[in-house]
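Asker:
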Amino acid sequence: MPLNRIGWEEFRRLDAKAKAAYFAEDGRLFHVLLAQQFDRARLEDLGALATRIRFIAKSDEGRRFLKGLLDARRAMLYFTQPSTRTFLSFCAACQILGLTIGEVRDPATSSEYKGESPEDSVRTFSSYFDLIVMRSQIAGLAERMAWVLSNAGRPIPLINAGSGRDQHPTQALLDVYTLQRSFENLGGIDGKCIVFVGDLLRGRTVRSLAVLLTNYGGLRLRFVAPEPLQISPDVCETLASRGVAFETGGDMESAIRDADAIYMTRIQDEWDAREGDSARIDISRYCLEHRHLQMIKPTAVIMHPLPRRKEIAVEIDGDPRAVYWRQMRNGMWIRAALIAAIFGRDGDIRGYDG
Amino acid sequence: MPLNRIGWEEFRRLDAKAKAAYFAEDGRLFHVLLAQQFDRARLEDLGALATRIRFIAKSDEGRRFLKGLLDARRAMLYFTQPSTRTFLSFCAACQILGLTIGEVRDPATSSEYKGESPEDSVRTFSSYFDLIVMRSQIAGLAERMAWVLSNAGRPIPLINAGSGRDQHPTQALLDVYTLQRSFENLGGIDGKCIVFVGDLLRGRTVRSLAVLLTNYGGLRLRFVAPEPLQISPDVCETLASRGVAFETGGDMESAIRDADAIYMTRIQDEWDAREGDSARIDISRYCLEHRHLQMIKPTAVIMHPLPRRKEIAVEIDGDPRAVYWRQMRNGMWIRAALIAAIFGRDGDIRGYDG
Amino acid sequence: MPLNRIGWEEFRRLDAKAKAAYFAEDGRLFHVLLAQQFDRARLEDLGALATRIRFIAKSDEGRRFLKGLLDARRAMLYFTQPSTRTFLSFCAACQILGLTIGEVRDPATSSEYKGESPEDSVRTFSSYFDLIVMRSQIAGLAERMAWVLSNAGRPIPLINAGSGRDQHPTQALLDVYTLQRSFENLGGIDGKCIVFVGDLLRGRTVRSLAVLLTNYGGLRLRFVAPEPLQISPDVCETLASRGVAFETGGDMESAIRDADAIYMTRIQDEWDAREGDSARIDISRYCLEHRHLQMIKPTAVIMHPLPRRKEIAVEIDGDPRAVYWRQMRNGMWIRAALIAAIFGRDGDIRGYDG
């Protein structure tokens, strides 16, 4: 990654596609900031790499091989927004590849109380570590920090593990990987019908996934949500501009009958403007019950980014179409693949003959 | 560990002995939940294994051997109840065997605030790790979680590091190991007189240890405590049903004269129903002072699960009969032995020729 | 480190020089507590070792060599005073040498709430780990704990990572190392003019560094600070007694013209007796702006212990004389050197032929 070629203010005003192009100019993965960075070829590569890692990790010998790949590197997990799941997933992904970890999870133990700017904090981390994985409540902060790092004397890669309501690119990658695996023997993702249900406005997961899905052809997307939580217009515009067929509205029960994948989501009430706002919405019609299982296709898959509340009844867990637990584990594999690719160890993994 | 053969409600109503039998059916260690799981043969085996690990760890070469045993595995330390000591002890035990660690110690950084059930949380951890060590304020939660894991697609072992006021099996194991070592040249644990002093009602340590001691013969146990904190009737019933001789009551000074082991405990005021309840109890008569040293046998040992407050005067630390610091370190060794046994590496340790 | 030869009360009343002599009696590094422990020969040795480590760490092969040096050891980072920077620096230093880490950063998760004494806590850590790195708000606590450890059955080294307002010896080491590197081709530290600016009363960094600088000849030190935050008389006495030339007072702009090194510091308002005390001080005259760059020597260096607020304008970061980011990274190298020396692995590092 060379020094920045344009100033921050100029960069900041670019649209997501132009930003993505900027950070991927030389064709190599370095910072991972936006779902828009990933084209179809990259998605296929990463999926294949994740699958390879998953198989190698089945034996002790394979696990030792993987652990030797980046055992001379150290990663900083900087999570000022609480997240057990994403944190542990990255933690495991790093450990699989042998990276040792430093972490800042509790903003209160940080030196920010001493009045340090976030820029200086991140530059500090970059002094001690070889990779920063960062999660923040502030939209765009990861981009800003990647920007700062690219101008520092010792640039290191940064992965966005969720920033604001906006981007969560590695969650989108694991979702695509789950779809790739689910439809492996069903002709792949192209042409499938995917139904999104729940809080589609504030789940950055759905936003990021919708962007990735524009890489596939013949899709039919359907967004089923309570009116105040319906998918935002800018996502619809993106889909329309890329020629992806989609519908919004309608009821869940009719939508799921036709679905190849049903993507359930949680009401994200931590983003409520006033406490209790979400509680006033009737979400009972956006919950998957055991009785729905008979309505959906035998080859359909049920996904959820987790954690869940009541959107999916626990009794559904045992159904072979419920893939959300596997989906979560996929997150670990795809993140390991991503980190391996960033450090250029993907070739070693492909060449492993265990 | 196969799938559960009976439902949770049915299991839950079993008594501790039946539960222990259920989880140990095939004779292998998998989940570690209850002191009742451990019979005498297992206690002797684990003690011998811990001693072996302790000796191997004396050299750099030995430490590297141990660290290579489970270096392809990862453990999750899930401690929603604060505990520096038990946490660090497990941390060290894992590191000795080469396991890398992920941790959740502060419930506030967890995703429970998003409304996830504990069952889903534990299943999440099981997706990323190969072992869960769990400590909780809720009695029976570890059993429940082991149950959940046994039904998951990818069951992994779970170790109870303390649940509610009830069970703390690994503390009991380290206590037994300390007694084994202390009486190694004095005919072993059989026939010894053990005096317990302090808060015997709420110290789950004493409860779990009493259960393990029923595996030995000819013991005399004595429980000396302020009346409101005396050992609970169900422990007395267990001892009586197994033919263990015991007495409750009396004063500390007369009890310790006869003791082979004196087990001091702290007033557990964090369990007070109302704040300050414990403060009203006069505990001065349940504290070991320097002047008591001349009253006790030259071969006696003084134990304490730690942390201590005033139950043992600091001046006693220098006396060779004060073994509580060694007892704490024993915790690290016995936990390493336990984890090695769970993963079937005990044979390698016994066969090590360093 | 043998058992203590004198009692704690007697030790406590010794002056810093006598204390330093006490802990360094056999010429080996064991506990690192006070800047006064380090003489010039030791400073040169550690600096050379840090540089060696820095070069070895440039290749994957070198990093693996370093990581193998102490991979059979474990370190406890016990930071009850928040400090992201020093914590991560030690974390990285340990990881470079292969030490696995346990940590206690949040006093609230510790067992201190159970009424345990700090002495017992530290003795606990010493049971599970091979090295303790400790940071505390309490002046003298690190000395006290080293004392306790030296009397324990299993003494392990302890490094003071900052105690109270008083000592921060490893920060002083990294500052000296930065001066060594900066003046490598300019005749070394001897004879240089060093200007300290800012809160010189409460920055333990400056106190500890002033002590180390008494090992060099022909220095001219200048302390520029708002009157209420001027360097304390005991530091001046130390400098005078060792024949170091120094001045206090005057304005920053005239002082920096002559400086070989400008050491900026932050107002440490976390030590304010009453909240807001520092806010009443006009510190604008103690901030380095871009316009000052033209006033200072072309060979001068600008240092800062970080974190900074407004004492150094961000625009200065790009100037080659701004070495504070390198200074921070130096902290990682010098700490790695220190730990390697404590464990006697400095010879292996010097002999490495990579």
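Protein chains in written order, with our numbering: chain F, 1 to 354; chain G, 1001 to 1354; chain L, 2001 to 2354.
Every residue, glycine too, gets a C-beta built ideally from N, C-alpha and C.
Looking only at its own chain, which residues have a Cβ that is under 7 Å from the Cβ of Val1235 of chain G, when we skip the five neighbours before and after it?
Answerer: Within the same chain, Val1235 of chain G has close Cβ partners Arg1207, Ala1210.
Asker: Give me the chain L residues within the contact set of Ala1092 of chain G, using Cβ-Cβ distance strictly less than 8 Å, ordered along the chain.
Answerer: Within 8 Å Cβ-Cβ: Arg2074, Gly2102, Tyr2128, Phe2129.
Asker: Within 8 Å (strictly less), CB to CB, does Arg1350 of chain G reach chain F?
Answerer: Chain F, which has no Cβ nearer than 8 Å to the Cβ of Arg1350 of chain G, makes this no.
Asker: On the three-state DSSP scale, how would you describe Tyr1286 of chain G?
Answerer: Helix at Tyr1286 of chain G.
Asker: Against Arg1125 of chain G, what residues of chain F qualify as contacts under a CB-to-CB distance less than 9 Å, listed in chain order?
Answerer: Correcting the residue identity first, residue 1125 of chain G is Phe in this sequence and not Arg. Correct list: Thr84, Leu88.
Asker: Report the CB separation of Val2133 of chain L from Ala2075 of chain L in whole angstroms; it is logged as a contact under 8 Å.
Answerer: Correct: roughly 6 Å between the Cβ atoms.
Asker: Arg1308 of chain G to Asp1166 of chain G, Cα distance in whole Å?
Answerer: Roughly 20 Å between the two C-alpha positions.
Asker: Any beta carbon of chain F sitting closer than 8 Å to that of Lys2058 of chain L?
Answerer: No - not a single Cβ of chain F is within 8 Å of the one on Lys2058 of chain L.
Asker: I'd like to check one pair, Ile1262 of chain G with Ile1296 of chain G: are the Cβ atoms closer than 8 Å?
Answerer: The answer is yes: Cβ separation under 8 Å.
Asker: Return the Cβ separation of Arg2285 of chain L and Met2252 of chain L in integer angstroms, given the expectation that the two are a contact with Cβ distance under 8 Å.
Answerer: The pair is a contact, with the Cβ atoms about 6 Å apart (cut-off 8 Å).
Asker: According to DSSP, is Gly162 of chain F helix, strand or coil?
Answerer: DSSP places Gly162 of chain F in strand when its eight states are reduced to three.
Asker: In chain F, which residues lie with their C-beta within 8 Å of the C-beta of Gly1115 of chain G?
Answerer: Going along chain F in sequence order, the residues near Gly1115 of chain G (Cβ under 8 Å) are Arg266, Pro307, Arg309.
Asker: Going by C-alpha distance, which of F:Arg321, F:Asp175, F:Glu289 is nearest Ile334 of chain F?
Answerer: Among F:Arg321, F:Asp175, F:Glu289, the Cα nearest to that of Ile334 of chain F belongs to F:Asp175.
Asker: When we look at the beta-carbon of Arg1073 of chain G and count the other beta-carbons within 10 Å, is it buried (16 or more) or exposed?
Answerer: Buried, since its Cβ has 16 or more Cβ neighbours within 10 Å.
Asker: Runs of 4 residues minimum, wholly inside the segment 1245 to 1280 of chain G: which ones carry the alpha helix (DSSP H) assignment?
Answerer: Counting whole runs of 4 or more residues, the segment 1245 to 1280 of chain G contains the alpha helix (DSSP H) stretches 1252 to 1256.
Asker: Roughly how many whole angstroms lie between the Cα atoms of Glu315 of chain F and Cys287 of chain F?
Answerer: Their backbone Cα atoms lie some 13 Å apart in a straight line.
Asker: Whole angstroms is fine: what's the gap from Ala50 of chain F's alpha carbon to Ile138 of chain F's?
Answerer: Taking the straight line from one Cα to the other gives about 29 Å.
Asker: May I ask you to verify whether the segment 2173 to 2189 of chain L touches the segment 2330 to 2349 of chain L, counting CB pairs closer than 8 Å and requiring at least 3?
Answerer: In short, these stretches touch, since the Cβ pair count reaches three.
Asker: Just verifying my parser: in three-state terms, what is the DSSP assignment at Phe2030 of chain L?
Answerer: In this structure, Phe2030 of chain L counts as coil in the three-state DSSP scheme.
Asker: Could you list which residues in chain G have their beta carbon closer than 8 Å to that of Lys67 of chain F, in chain order?
Answerer: Asp1071, Ala1072, listed in chain order.
Asker: Return helix, strand or coil for Gly1188 of chain G, following the three-state DSSP convention.
Answerer: Coil at Gly1188 of chain G, not helix or strand.
Asker: If I'm right that Thr214 of chain F touches Arg242 of chain F with Cβ under 8 Å, what's the distance once you round it to whole angstroms?
Answerer: Confirmed, about 4 Å.
Asker: If we count the other Cβ atoms within 10 Å of its Cβ and call it buried at 16 or more, is Arg63 of chain F buried or exposed?
Answerer: Counting Cβ neighbours within 10 Å, Arg63 of chain F comes out buried, since at least 16 surround it.
Asker: Expressed to the nearest angstrom, what Euclidean distance is found between the alpha-carbon atoms of His1168 of chain G and Phe1223 of chain G?
Answerer: Rounded to the nearest angstrom, the two C-alpha atoms are 19 Å apart.
Asker: Can you pull the chain A residues whose beta carbon is under 8 Å from the beta carbon of Gly2162 of chain L, in chain order?
Answerer: Protein chains F, G and L are contained in the structure displayed, whereas chain A is not.
Asker: Determine, using beta carbons only, whether Gly1007 of chain G comes closer than 8 Å to chain F.
Answerer: So, not an interface residue.
Asker: Given Ala1341 of chain G, which residues of its chain have a CB within under 8 Å of its CB, disregarding the five upstream and five downstream residues?
Answerer: Leu1029, Asp1045, Leu1046, Leu1049, listed in sequence order.
Asker: Checking contacts by CB at 8 Å: is Gln2095 of chain L closer than that to chain F?
Answerer: For Gln2095 of chain L, the answer is yes, since a Cβ of chain F falls inside 8 Å of its Cβ.
Asker: Which chain F residues sit within Cβ distance under 9 Å of Gly1153 of chain G?
Answerer: Within 9 Å Cβ-Cβ: Trp325, Arg326.
Asker: Can you pull the chain L neighbours of Asp120 of chain F, defined as C-beta to C-beta under 8 Å?
Answerer: Correct list: Leu2306, Pro2307, Arg2308.
Asker: In chain G, what lies closer than 9 Å to Arg274 of chain F by C-beta?
Answerer: Going along chain G, no residue has its Cβ under 9 Å from Arg274 of chain F, so there is no contact; the nearest lies around 18 Å.
Asker: Output yes if chain G places a C-beta closer than 8 Å to the C-beta of Met134 of chain F; else output no.
Answerer: No - not a single Cβ of chain G is within 8 Å of the one on Met134 of chain F.
Asker: The beta strand (DSSP E) with Ser2357 of chain L in it runs from where to where?
Answerer: An answer regarding residue 2357 of chain L cannot be provided, because it is not within the stretch 2001 to 2354 covered by chain L.
Asker: Residues bridged to Ile101 of chain F by DSSP?
Answerer: Ile101 of chain F pairs with F:Ala75.
Asker: Do Thr2080 of chain L and Ser2136 of chain L have their C-beta atoms closer together than 8 Å?
Answerer: Their beta carbons are under 8 Å apart, which means Thr2080 of chain L touches Ser2136 of chain L by this criterion.
Asker: Between L:Trp2008, L:His2304, L:Lys2017, which lies nearest to Leu2141 of chain L when the distance is taken from Cα to Cα?
Answerer: Ranking the options by Cα distance to Leu2141 of chain L, first place goes to L:Trp2008.
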